[in-house]
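S.K.: Heads up: the sequence shown begins at 1 in UniProt numbering, then just goes up one per residue.
Could you have a look at this structure, given as structure tokens, before my questions?
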Amino acid sequence: MNTRLTPHTVFLLTLPPLLWAGNAIAGRLVHDLVPPILLNLLRWALALLILLPLAGPVFRRDSGLWPHWRRYAVLGLLGVGLYNALQYLALQSSTPINVTLVAAGMPVWMMLTGRLFFGVRVSRRQITGAVLSIAGVLLVLARGDVQQLLALRLVAGDLFMILATIAWSLYSWLLTRTHEPASLRADWAGFLLAQVAFGVVWSGLFAAGEWALSEATVHWTPTLFAVLAYVAIGPAVVAFRCWGEGVRRAGPAIAAFFSNLTPLFAAVLSSAFLGELPHLYHGLAFLLIVGGIIVSSRRPA
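As structure tokens, then:
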């Protein structure tokens, strides 16, 4: 695990927040068309079908997957079964602004998780970087006006997002703990497919519970089909591939700062959908977030 950021690593860690920003907008767009837990199941079932032709042999009896199936079951639970299901659930009752505000605490949760469960020390540089990065996120959410931020109110959906953020923190740290054969880890499609397969099982169990405990209905519209195609290909397969490799290169503590680009990208995408041009505070927020990344990733002199 290397904290030095190369242009390739920066790209790997920047593309997922852009795709995940689109995922938040897409999830909000169809929240009246499909139940949130079922949306997560459909998303990852499609991702499973995409990955099968690329890495189907990972399920053979002699594959390196099976001696470590418990690890992949946990990764599938945290990264596939829980994180986005909780995010989609949060978007049922909370606004995208509040959801991204709660998710802005990702660097803090990453540092706490690493310190409490993985024995990783937290440096002053990381704390300073976290302050700068979160300040940039708050600037976006406040739209350059402190009164906007003071007017925000937390609702039940925000609690779901806190749980989602904790689950993602654990998932990202577990990615750095390699116990499986190097050949399996080197095969990105097989490594991701192993997680997705277990994640689909977890998602199916959760969706069955949702269906049994609620009056869930699905409205099959062109919008829903388009959203499913996007969330299965972009935020699922492409983003998880890039994030996994980026975390391996830079470490979860540094990668967490890149996740704070998500609300900035979400604000820009929302502005595009609304026909509004980006404002000056978007640029200032970008500088703060990037500044947090640079400060946190610098090596001691």
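Cβ coordinates follow ideal geometry from the N, Cα and C atoms, glycine included.
Predicted model, so just to flag it, every value in this text is computed and none were measured.
Are the stretch 56-75 and the stretch 180-189 touching by the rule of at least three beta carbon pairs closer than 8 angstroms?
M.R.: Yes, the stretch 56-75 is in contact with the stretch 180-189.
S.K.: Could you give the uninterrupted runs of the alpha helix (DSSP H) lying entirely in the stretch 183-262, keeping only those of 4 residues or more?
M.R.: Segments of the alpha helix (DSSP H) lying fully in the stretch 183-262: 188-213, 222-231, 239-250 and 252-259.
S.K.: The ligand PLP and residue 134: does any heavy atom of the ligand fall closer than 7 angstroms to the residue's C-beta?
M.R.: As presented, the structure is devoid of all ligands, the ligand PLP included, so that no description of it is given.
S.K.: For residue 20, count neighbouring C-beta atoms within 10 Å of its own C-beta (all shown protein chains included) and say buried if the count is 16 or more, exposed if not.
M.R.: Label assigned to residue 20: buried.
S.K.: Here's the rule: buried if 16 or more other CB atoms are within 10 angstroms of the residue's CB, otherwise exposed. What is residue 265?
M.R.: Counting Cβ neighbours within 10 Å, residue 265 comes out buried, since at least 16 surround it.
S.K.: When you compare the CB positions of residue 388 and residue 196, do they come within less than 8 angstroms of one another, or not?
M.R.: In the structure as shown, the chain begins at 1 and stops at 301. Residue 388 is therefore absent and cannot be evaluated.
S.K.: Candidates 245, 269, 81 and 106: which alpha carbon is nearest residue 162's?
M.R.: It is 106.
S.K.: What is the rounded straight-line gap between the Cα of residue 132 and the Cα of residue 221?
M.R.: Rounded to the nearest angstrom, the two C-alpha atoms are 42 angstroms apart.
S.K.: Taking residue 165 and residue 102 to be in contact with their CB atoms under 8 angstroms, please state how far apart those CB atoms are, rounded to whole angstroms.
M.R.: Yes, they are in contact, since the Cβ atoms of residue 165 and residue 102 sit about 7 angstroms apart, within 8 angstroms.
S.K.: In whole angstroms, give me the CA-to-CA distance for residue 34 and residue 219.
M.R.: For residue 34 and residue 219, the distance between alpha carbons rounds to 6 angstroms.
S.K.: Can you find a C-beta in chain D that's less than 8 angstroms from the C-beta of residue 185?
M.R.: No chain D is part of this structure, which consists of one protein chain only.
S.K.: Where residue 192 and residue 240 are concerned, what is the direct C-alpha to C-alpha distance, given to the nearest angstrom?
M.R.: Roughly 8 angstroms separates the two Cα atoms.
S.K.: Start and end of the alpha helix (DSSP H) containing residue 158?
M.R.: Here the alpha helix (DSSP H) through residue 158 covers 156-175.
S.K.: My guess is that residue 261 and residue 17 are in contact by the Cβ rule of under 8 angstroms, so how many angstroms apart are they, rounded?
M.R.: Yes, residue 261 and residue 17 are in contact; Cβ-Cβ is about 4 angstroms, under 8 angstroms.
S.K.: Check each candidate in 43, 168, 263 and 272 and name the one with the smallest Cα separation from residue 285.
M.R.: Minimum Cα distance to residue 285 is reached at 263.
S.K.: Measuring CB atoms only, is the stretch 196-206 touching the stretch 77-94, in the sense that at least three cross pairs come out at less than 8 angstroms?
M.R.: With a cut-off of 8 angstroms, the stretch 77-94 and the stretch 196-206 count as touching, because enough Cβ pairs lie within range.
S.K.: Going by Cα to Cα distance, which pick from 267, 244 and 208 is closest to residue 39?
M.R.: For residue 39, the nearest C-alpha among the options comes from 208.
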